[in-house]
Amino acid sequence: EAGVAQSPRYKIIEKRQSVAFWCNPISGHATLYWYQQILGQGPKLLIQFQNNGVVDDSQLPKDRFSAERLKGVDSTLKIQPAKLEDSAVYLCASSLDGRGQETQYFGPGTRLLVL
Amino acid sequence: TQLLEQSPQFLSIQEGENLTVYCNSSSVFSSLQWYRQEPGEGPVLLVTVVTGGEVKKLKRLTFQFGDARKDSSLHITAAQPGDTGLYLCAGASNTGKLIFGQGTTLQVKP
């Protein structure tokens with residue numbers, strides 16, 4: 056079974072530029088999550104989708120971050136404009152239907168460096 | 010705001026030693042999960058504990074959930090270099106939202 060796919064794996068941009076990350080979850084998984092993991096910290100949830108609807112985006116900085124999952128399958132996360140403090144690993148995860156005890160399967164992440 | 014505090018943040022030990030990592034919160038979670046993350050990879054689930062007082066064993070790893078479902082511990086017996094990595098605890102709500110601790114970086118030297 057294929058795991059969660061993310062691209063690109065690495066990205067270096069200058070501040071004020073825009074960047075987009077792509078995630079393809081495990082086939083059949085209704086719930087998709089985007090996390091931000093700053094070096095030395097645990098992942099922080101940015102947004103949770105159930106199919107193509109948003110369940111939780113309370114910690115998404117909406118002035119510069121946006122995410123969509125139009126067909127309820129793959130998803131993109133965009134940052135525009137990027138700030139230095141956005142340097143982090145962006146992890147995508149998916150689970151079967153978003154219940155509390157479910158396993159979340161994580162992709163390898165996209166490592167972003169903002170200069 | 011729900012927070013999970015892990016301790017210690019860093020641990021460097023010799024092969025064969027035992028260790029315990031703690032995860033504490035002032036909030037009650039519906040379940041608590043432990044993950045292991047290697048450099049350049051995403052976290053991988055080790056175990057989910059659900060019931061207060063629950064103990065689960067996974068080979069040399071023992072996980073315990075506190076009676077009040079606010080804290081948890083991970084004990085590794087006879088650590089091996091292959092155990093090196095970042096260990097994360099995460100509290101789960103009933104909507105699937107995970108709150109992660111800041112992680113414990115474990116280095117096991119041969």
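Protein chains in written order, with this note's numbering: chain P, 56 to 170; chain U, 10 to 119.
Note that CB positions come from ideal geometry on N, CA and C, so glycine has one too.
Is the beta carbon of residue i less than 8 Å from the beta carbon of residue j?
i: Val-37 of chain U; j: Thr-113 of chain U; result: no
i: Leu-139 of chain P; j: His-84 of chain P; result: no
i: Gln-91 of chain P; j: Tyr-145 of chain P; result: yes
i: Phe-161 of chain P; j: Pro-52 of chain U; result: yes
i: Leu-67 of chain U; j: Leu-54 of chain U; result: no
i: Thr-104 of chain U; j: Gly-153 of chain P; result: yes
i: Phe-104 of chain P; j: Ser-62 of chain P; result: no
i: Ala-57 of chain P; j: Lys-133 of chain P; result: no
i: Tyr-44 of chain U; j: Ala-101 of chain U; result: no
i: Ile-108 of chain U; j: Leu-13 of chain U; result: yes
Looking at the unbroken beta strand (DSSP E) that takes in residue i, where does it start and where does it end?
i: Ile-108 of chain U; result: 107 to 109
i: Gln-6 of chain U; result: Missing from the structure shown is residue 6 of chain U; chain U here goes from 10 to 119 and no further.
i: Glu-123 of chain P; result: 120 to 123
i: Leu-132 of chain P; result: 130 to 134
i: Ser-102 of chain U; result: Careful: Ser-102 of chain U lies outside any beta strand (DSSP E) and carries neither H nor E.
i: Ser-82 of chain U; result: 80 to 85
i: Asn-33 of chain U; result: 28 to 33
i: Ser-21 of chain U; result: 19 to 23
i: Leu-167 of chain P; result: 165 to 169
i: Leu-54 of chain U; result: 53 to 58
i: Arg-45 of chain U; result: 40 to 46
i: Gln-15 of chain U; result: 14 to 16
i: Thr-71 of chain U; result: 70 to 74
i: Tyr-67 of chain U; result: At residue 67 of chain U the sequence reads Leu, which differs from the Tyr that was named. Its beta strand (DSSP E) spans residues 64 to 67.
i: Val-59 of chain P; result: Careful: Val-59 of chain P lies outside any beta strand (DSSP E) and carries neither H nor E.
Please classify residue i: is it buried, with 16 or more other beta-carbons within 10 angstroms of its beta-carbon, or exposed?
i: Tyr-88 of chain P; result: buried
i: Ser-126 of chain U; result: Any property of residue 126 of chain U remains undetermined from this structure, which presents chain U solely from 10 to 119.
i: Asp-141 of chain P; result: buried
i: Asp-118 of chain P; result: exposed
i: Gly-25 of chain U; result: exposed
i: Tyr-65 of chain P; result: exposed
i: Thr-86 of chain U; result: exposed
i: Ser-16 of chain U; result: exposed
i: Thr-60 of chain U; result: exposed
i: Gln-42 of chain U; result: buried
i: Pro-80 of chain P; result: buried
i: Glu-157 of chain P; result: buried
i: Ile-50 of chain P; result: In the structure as shown, chain P begins at 56 and stops at 170. Residue 50 of chain P is therefore absent and cannot be evaluated.
i: Gln-135 of chain P; result: exposed
Using a Cβ cut-off of 8 Å, pull out every chain A residue sitting near residue i, in sequence order please.
i: Gly-83 of chain P; result: Within the model displayed, chain A is absent; protein chains P and U are what it includes.
Exercise for review: Residues of the region 12 to 37 of chain U with a CB closer than 9 Å to any CB of chain P: list them in chain order, please.
Suggested key: Leu-13, Gln-15, Gln-18
Practice item. Determine which residues of the region 62 to 84 of chain U have a Cβ less than 8 Å from any Cβ of chain P, and write them out in chain order. Key: none
Review point. Which residues, in chain order, does the region 127 to 160 of chain P contribute to contact with chain U at a C-beta distance below 9 Å?
Key: Val-144, Leu-146, Cys-147, Ala-148, Ser-150, Asp-152, Gly-153, Arg-154, Gly-155, Gln-156, Glu-157, Thr-158, Gln-159, Tyr-160
Check your understanding: What are the residues of the region 90 to 119 of chain U that lie near chain P, defined by any Cβ-Cβ distance shorter than 9 Å?
Key -> Leu-95, Leu-97, Cys-98, Ala-99, Ala-101, Ser-102, Asn-103, Thr-104, Gly-105, Lys-106, Leu-107, Ile-108, Phe-109, Gly-110, Gln-111, Gly-112, Thr-114
Practice item. Entirely within the region 76 to 118 of chain P and at least 3 residues each: give me those beta strand (DSSP E) ranges in chain order. Key: 86 to 92, 99 to 105, 108 to 111
Exercise for review: Check distances from the C-beta atoms of the region 97 to 119 of chain P to those of chain U and list, in chain order, the residues that come in under 8 Å.
Suggested key: Gly-97, Pro-98, Lys-99, Leu-100, Gln-103, Val-110, Asp-111
Exercise for review: Taking a Cβ distance cut-off of 9 Å, strictly less, list which residues of the region 42 to 63 of chain U are near chain P, in chain order.
Suggested key: Gln-42, Tyr-44, Gln-46, Gly-49, Glu-50, Gly-51, Pro-52, Val-53, Leu-54, Thr-57, Val-59
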